[in-house]
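Asker: So the protein lines, in turn, are chains A and B. Numbering of the first sequence is given in the working numbering, commencing with residue 1 and proceeding in unit increments. Numbering of the second sequence is given in the working numbering, commencing with residue 1001 and proceeding in unit increments.
Number of protein chains: 2
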Amino acid sequence: MSRPHSTPAFGKAKETAVTFPLMIDSNMASAGTVHDGDFWAVIPAGGSGTRLWPLSRSTNPKFLLPLLSERSLLQRTADRLEGLAPPQRTLIVCGPAHGAPVAEQLPHFPTTNLVVEPTPRGSGPAISLAAAIIARLDPEAVMGSFAADHEVRDEEAFTCAVRVAIEAAKAGWLVTIGLPPVRPETGYGYIESTEEVIVTTDDGSAFRSMRFVEKPDLARARTYVESGRFLWNASMFIWKVRTFLDELAQLQPDLHLGVTQIAAAWGTPEREQVVAEVWPTLPEVTIDEGVMERTPRVAVVPAEMGWSDVGDWHGLGTLLDSDEDGMSARADLVHTRSRDSLVWSETNRVIALVGLENVVVVDTPDALLIVNRSEAQEVRSVVGALTRSLRSEVL
Amino acid sequence: MSRPHSTPAFGKAKETAVTFPLMIDSNMASAGTVHDGDFWAVIPAGGSGTRLWPLSRSTNPKFLLPLLSERSLLQRTADRLEGLAPPQRTLIVCGPAHGAPVAEQLPHFPTTNLVVEPTPRGSGPAISLAAAIIARLDPEAVMGSFAADHEVRDEEAFTCAVRVAIEAAKAGWLVTIGLPPVRPETGYGYIESTEEVIVTTDDGSAFRSMRFVEKPDLARARTYVESGRFLWNASMFIWKVRTFLDELAQLQPDLHLGVTQIAAAWGTPEREQVVAEVWPTLPEVTIDEGVMERTPRVAVVPAEMGWSDVGDWHGLGTLLDSDEDGMSARADLVHTRSRDSLVWSETNRVIALVGLENVVVVDTPDALLIVNRSEAQEVRSVVGALTRSLRSEVL
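(1) Check whether chain B comes within 8 Å of residue 337 of chain A, counting only Cβ atoms and requiring the distance to be less than that.
(2) Taking only the alpha-carbon atoms, compute the straight-line gap between residue 345 of chain A and residue 328 of chain A and give it to the nearest angstrom.
(3) Distance cutoff 8 Å, beta carbons only. Does residue 1391 of chain B sit that close to anything in chain D?
(4) Can you tell me which of B:1039, B:1193, B:1050 and B:1083 puts its alpha carbon nearest to the alpha carbon of residue 1385 of chain B?
(5) Can you give the beta carbon distance from residue 42 of chain A to residue 93 of chain A, rounded, assuming they're within the 8 Å contact cut?
(6) Following the continuous beta strand (DSSP E) through residue 1150 of chain B, name the residue where it begins and the one where it ends.
(7) Where residue 322 of chain A and residue 316 of chain A are concerned, what is the direct C-alpha to C-alpha distance, given to the nearest angstrom?
(8) Can you give me the C-alpha to C-alpha distance between residue 1086 of chain B and residue 1140 of chain B, rounded to a whole angstrom?
(9) Among residues of its own chain, excluding the 5 on either side of residue 374 of chain A, which ones have a beta-carbon nearer than 8 Å to its beta-carbon?
(10) So with CB distances below 7 Å, who are the chain A contacts of residue 1375 of chain B?
(11) Grab the span of the alpha helix (DSSP H) containing residue 1120 of chain B for me, first residue to last.
(12) Would you call residue 30 of chain A buried or exposed, if buried means 16 or more other Cβ atoms sit within 10 Å of its Cβ?
(13) Taking 6 Å as the limit between beta carbons, can you name the residues of its chain near residue 192 of chain A, skipping five residues before and five after?
(14) With distance defined between alpha-carbon atoms, name the residue in B:1291, B:1109 and B:1392 nearest to residue 1251 of chain B.
(15) Using a Cβ-Cβ cut-off of 6 Å (strictly less than) and excluding sequence neighbours within five positions of residue 1062 of chain B, which residues of its own chain qualify?
(16) If the cut-off is 7 Å on Cβ atoms, which residues from the region 37 to 62 of chain A count as contacting chain B, listed in chain order?
(17) By a C-beta neighbour count over all protein chains shown, 10 Å radius and 16 as the cutoff for buried, is residue 1299 of chain B buried or exposed?
(18) Between the alpha carbons of residue 1284 of chain B and residue 351 of chain A, how many angstroms are there, rounded?
(19) Cβ atoms of residue 1162 of chain B and residue 1262 of chain B: under 8 Å apart, would you say?
(20) Roughly how far, in whole angstroms, is the beta-carbon of residue 1367 of chain B from the beta-carbon of residue 1343 of chain B, given that I think they are within contact range, below 8 Å?
(21) Can you tell me the Cα-Cα spacing of residue 1369 of chain B and residue 185 of chain A, whole angstroms?
(22) Hey, how far is the Cα of residue 1102 of chain B from the Cα of residue 68 of chain A?
(23) Does residue 330 of chain A get closer than 8 Å to chain B when you measure Cβ to Cβ?
(24) What is the residue span of the beta strand (DSSP E) that residue 1244 of chain B lies within?
(25) May I ask you to list the residues that DSSP assigns as paired with residue 332 of chain A?
(26) Report the start-end ranges of each beta strand (DSSP E) in the region 1037 to 1110 of chain B that is 3 residues or longer and not cut off at the edges.
(27) Taking Cβ-Cβ distances shorter than 7 Å, what residues in chain B pair up with residue 231 of chain A?
(28) How would you write the range of the beta strand (DSSP E) that residue 404 of chain A sits in, first residue to last?
(29) Can you list, in chain order, the residues of the region 1108 to 1131 of chain B whose Cβ is nearer than 7 Å to any Cβ on chain A?
(30) Would you kindly work out how many angstroms separate the C-alpha atoms of residue 1167 of chain B and residue 1177 of chain B, rounded to a whole number?
(31) Since residue 378 of chain A meets chain B, which of its residues come closer than 7 Å, beta carbon to beta carbon?
(32) If the cut is a Cβ gap below 9 Å, which residues of chain B does residue 322 of chain A touch?
(33) Taking the alpha-carbon positions, what's the residue 64 of chain A to residue 1348 of chain B distance?
(34) Take the Cβ of residue 281 of chain A as the centre, count every other Cβ of all protein chains shown within 10 Å, and call the residue buried at 16 or more, exposed below.
(35) Secondary structure at residue 270 of chain A, three-state DSSP: helix, strand or coil?
(36) For residue 364 of chain A and residue 287 of chain A, I'd like the C-alpha separation in whole angstroms.
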């Protein structure tokens, strides 16, 4: 699979100028031998992780935080993907405020592989632009897109699933990895699978998908879980860039046109001007709604891999070690008559918990959160209230 | 009641030396005309208020804290007593670490009126020494002792009750003020009253007391409350110093001898030496156990006065203003789906509460407490655990 010829282009770009990342030697892209495409990884690193306030902030979003080890969720995602695609074939899409910290956290990645969005416009423009840029470098490439701020416990299961997905992608499918639901979650989208096998390898099988469905209400989520046919959509997408761009041209012609224009200028002196003109005109659409819910060419690889979106403090708490009372502490904690709680401190204060159950305490130098775990989603409303009060110093 | 002749002695002492407080002009004490004694106030300022950790600390105990207004509990106690005894006739008994902050909080009190105990030995030695010192200055004095860290809402009711108690004291009784119990509290002692009236004035009546009883268990506390005969003992004692010292000589002869020796040396150059020799030998006994539970000469003045011992965070919470959701905040608080909670901050952090009921949050620069209000008493065990871990920096 290794194709050294694509790497020098990035090496060259790196030497040229950080302000013109992904300087493309267009001769290089078209001069190669015929091949069936290398695997490229794309890591959309967007969103601030509002529900993990006050740890996550606009300038220090969830994906930059070392929540589950000394490495951040972004670093863990990059580590997980390195066995599938080397740093030279990995693009990270992020906002302008996060380019520097991303480069700092991933020093062995070419800074030219950072695709900096001028403003956030959702996953559609972000992932489509990455696909268009890769297509210019390697028209036969298979790419896989994986969120920067999710957790996967079982990395081997993850790698096997991606390998199956790559085989299905090579056969012309838009492939997603689907996670067997463990509860009637209303916060995720679902994928309905059929029993029609598309490919089978030693690592598993890909099935034709009946449909992508948006976040359901609780009653519907229950029927989904009971049916056994529905899988969680964790926004893991694997496809040949050519397949995807062809589908995008059909379903989202404006978006296709825009990202093609930007990708054409990406390694040139005109890049900034083209981005400034075109980016604000791109439709704000998600990949799910804009493409996956509208195409019949979707396949799904079901895989259990200990996945979590680390979505809120309750979810994070379930991923951390706890003692026999269910207490998790990243803090100088003293507790009595307390259980099933998480105490996280970024200060060196003593924290004492007395007679409490099922709470999360998050202690930072300028903001303190105490939340009932059952209402962890509601942290969003606190951030909303602070936003309305113009308290940007703690957001 | 005003007897200007006793004041100059303190004025003189104040000019002489702070290290020899209460310099007594013994000629002055015995040279006067016959009189029935002025009223003197004694404020024992001991105890750190462990259950109000982390706000109360060994160096900044409960009585020094401005918990209910901008004035500390000590200042509020002194303010309350000023109508009964001027600063010149008020003694404050405290530990060596607290002399300076007490003097700072009460700048209009003669520093010579601070009686500094070398080590804490309970209320028996503290109050007995104050009585012995007052007796040397004014043998016919009536004194009243009132804890420095309790709250009284209805100051007029308090003043009326003390006036009645003074009349009963002049008739030779050891008088206490008893508070009608509003719940079967197991944390206080009780006073059983008889219906035998000792004195009646326009302000109310004093009754002979049947007995002082120690903190009961819950079942007994319930029968006490139902009986209507039992009152809470809030350690408010009013007596002629002569009556008290005579009783002390009978019931606690060693303590009587010791405080008499110290009082005799109090205003002299020998004071420090005598204190150093005698104080450590004094029996560690409370006034309740050592005297009040053993004497038949006890009277009680029942009085409702909105009293609280401000004993723990739940109790403090009930004294503070709250909004329609029962939320009390001395903090930059944002809350959602929360009620009946108290948030107290000594920092300028934003504090957010989500989905919580019946909790207290106390935020200080080096320690944070979160406690279920129903278990507010258990804060003591946290302080115990920190003490055992030698965490004196936060105690």
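Quick reminder that beta carbons are idealized off the backbone N, C-alpha and C, glycines included.
Answerer: Result, derived from the coordinates:
(1) Walking along the first sequence from the start, residue 337 of chain A turns up at place 337. With 8 Å as the cut-off, residue 337 of chain A counts as an interface residue toward chain B.
(2) Residue 345 of chain A sits at position 345 when you count from the first residue of the first sequence. Residue 328 of chain A sits at position 328 when you count from the first residue of the first sequence. Using only the alpha carbons, I get a separation of about 11 Å.
(3) Absent here is chain D; the protein component of the structure consists of chains A and B.
(4) For the purposes of this step, residue 1385 of chain B is taken as the residue at position 385 of the second sequence. Selected option, being the one with the closest Cα: B:1050.
(5) As a first step, residue 42 of chain A is located in the first sequence; it is residue number 42 there, counting from the start. As a first step, residue 93 of chain A is located in the first sequence; it is residue number 93 there, counting from the start. Going by Cβ atoms, the distance from residue 42 of chain A to residue 93 of chain A rounds to 7 Å, so yes, they are a contact pair.
(6) The count along the second sequence starts at 1 and reaches residue 1150 of chain B at position 150. First-last for residue 1150 of chain B: undefined, no H or E at that position.
(7) Position 322 of the first sequence, counted from the first residue, corresponds to residue 322 of chain A. Position 316 of the first sequence, counted from the first residue, corresponds to residue 316 of chain A. Near 12 Å, if we compare the C-alpha coordinates of residue 316 of chain A and residue 322 of chain A.
(8) Within the second sequence, numbered from 1, the residue matching residue 1086 of chain B stands at position 86. Within the second sequence, numbered from 1, the residue matching residue 1140 of chain B stands at position 140. Residue 1086 of chain B and residue 1140 of chain B: Cα-Cα distance of roughly 17 Å.
(9) Counted from its first residue, the first sequence places residue 374 of chain A at position 374. Cβ within range, chain order: 314 and 358.
(10) Position 375 of the second sequence holds residue 1375 of chain B. Here the neighbours are 337, 354 and 355.
(11) In the second sequence, the residue the question calls residue 1120 of chain B occupies position 120. Counting along the chain, no alpha helix (DSSP H) covers residue 1120 of chain B, and no H or E run does either.
(12) The count along the first sequence starts at 1 and reaches residue 30 of chain A at position 30. At residue 30 of chain A the pLDDT is 37, less than 50, meaning the model places this residue with poor confidence; the figure from the coordinates comes in the next sentence. With a threshold of 16 other beta carbon atoms within 10 Å, residue 30 of chain A falls short and is exposed.
(13) In the first sequence, the residue the question calls residue 192 of chain A occupies position 192. Non-local beta-carbon contacts of residue 192 of chain A in its own chain, meaning distances under 6 Å to residues more than five positions away in sequence, involve 210, 211, 229 and 230 in chain order.
(14) The residue labelled residue 1251 of chain B in the question sits at position 251 within the second sequence. Considering only alpha carbons, the answer is B:1291.
(15) Sequence index remark: in the second sequence, residue 1062 of chain B carries index 62 (1-based). Cβ within range, chain order: 1049, 1052, 1056 and 1149.
(16) Sequence-ordered contacts of the region 37 to 62 of chain A with chain B are nonexistent [C-beta pairs closer than 7 Å].
(17) Numbered from 1 along the second sequence, position 299 holds the residue referred to as residue 1299 of chain B. Classification of residue 1299 of chain B: buried, given that the 10 Å Cβ count is 16 or more.
(18) Here the question's residue 1284 of chain B lines up with position 284 in the second sequence. Here the question's residue 351 of chain A lines up with position 351 in the first sequence. Looking at the backbone, the Cα of residue 1284 of chain B and that of residue 351 of chain A are separated by about 35 Å.
(19) Along the second sequence, read from residue 1 onward, the residue named residue 1262 of chain B stands at position 262. Along the second sequence, read from residue 1 onward, the residue named residue 1162 of chain B stands at position 162. Judged by their CB atoms, residue 1262 of chain B and residue 1162 of chain B are not nearer to each other than the 8 Å cut-off.
(20) Against the second sequence, residue 1367 of chain B aligns to sequence position 367. Against the second sequence, residue 1343 of chain B aligns to sequence position 343. Not quite, the Cβ-Cβ distance comes to about 15 Å (not below 8 Å), so this is no contact.
(21) To locate residue 1369 of chain B, count along the second sequence from 1; it is residue 369. To locate residue 185 of chain A, count along the first sequence from 1; it is residue 185. Roughly 34 Å separates the two Cα atoms.
(22) Working through the second sequence from its first residue, we reach residue 1102 of chain B at position 102. Working through the first sequence from its first residue, we reach residue 68 of chain A at position 68. Roughly 49 Å between the two C-alpha positions.
(23) Residue 330 of chain A sits at position 330 when you count from the first residue of the first sequence. Taking 8 Å as the CB threshold, residue 330 of chain A stays off the interface with chain B.
(24) As a working note, residue 1244 of chain B is residue 244 in the second sequence. Note, residue 1244 of chain B: premise wrong, no beta strand (DSSP E); alpha helix (DSSP H) at 1241 to 1251.
(25) For the purposes of this step, residue 332 of chain A is identified with residue 332 of the first sequence, where counting begins at 1. Assignment of beta-bridge partners to residue 332 of chain A by DSSP yields A:350.
(26) Counting only runs of 3 or more, we get 1039 to 1045 and 1090 to 1094.
(27) Taking the first sequence and counting its residues from 1, one reaches residue 231 of chain A at position 231. Ordered by position in chain B, no residue passes the 7 Å Cβ test against residue 231 of chain A, which lies about 30 Å from the chain.
(28) Lying outside 1 to 395, the shown extent of chain A, residue 404 of chain A is not represented and no answer is given.
(29) Among the residues of the region 1108 to 1131 of chain B, none has a Cβ less than 7 Å away from any Cβ of chain A.
(30) Here residue 1167 of chain B is taken as the residue at index 167 of the second sequence, counted from 1. Here residue 1177 of chain B is taken as the residue at index 177 of the second sequence, counted from 1. Inter-residue distance for residue 1167 of chain B and residue 1177 of chain B is about 13 Å (C-alpha atoms, whole angstroms).
(31) Taking the first residue of the first sequence as position 1, residue 378 of chain A is located at position 378. Using a Cβ-Cβ cut-off of 7 Å, residue 378 of chain A is close to 1336, 1337, 1354 and 1355 of chain B, given in chain order.
(32) Working through the first sequence from its first residue, we reach residue 322 of chain A at position 322. Ordered by position in chain B, no residue passes the 9 Å Cβ test against residue 322 of chain A, which lies about 18 Å from the chain.
(33) Working through the first sequence from its first residue, we reach residue 64 of chain A at position 64. Working through the second sequence from its first residue, we reach residue 1348 of chain B at position 348. Cα to Cα, residue 64 of chain A sits roughly 26 Å from residue 1348 of chain B.
(34) In the first sequence, residue 281 of chain A corresponds to position 281, counting from 1. In this structure residue 281 of chain A is exposed. Its beta-carbon is surrounded by fewer than 16 other beta-carbon atoms within 10 angstroms.
(35) The residue labelled residue 270 of chain A in the question sits at position 270 within the first sequence. Coil, per DSSP.
(36) As a working note, residue 364 of chain A is residue 364 in the first sequence. As a working note, residue 287 of chain A is residue 287 in the first sequence. C-alpha of residue 364 of chain A to C-alpha of residue 287 of chain A: approximately 35 Å in a straight line.
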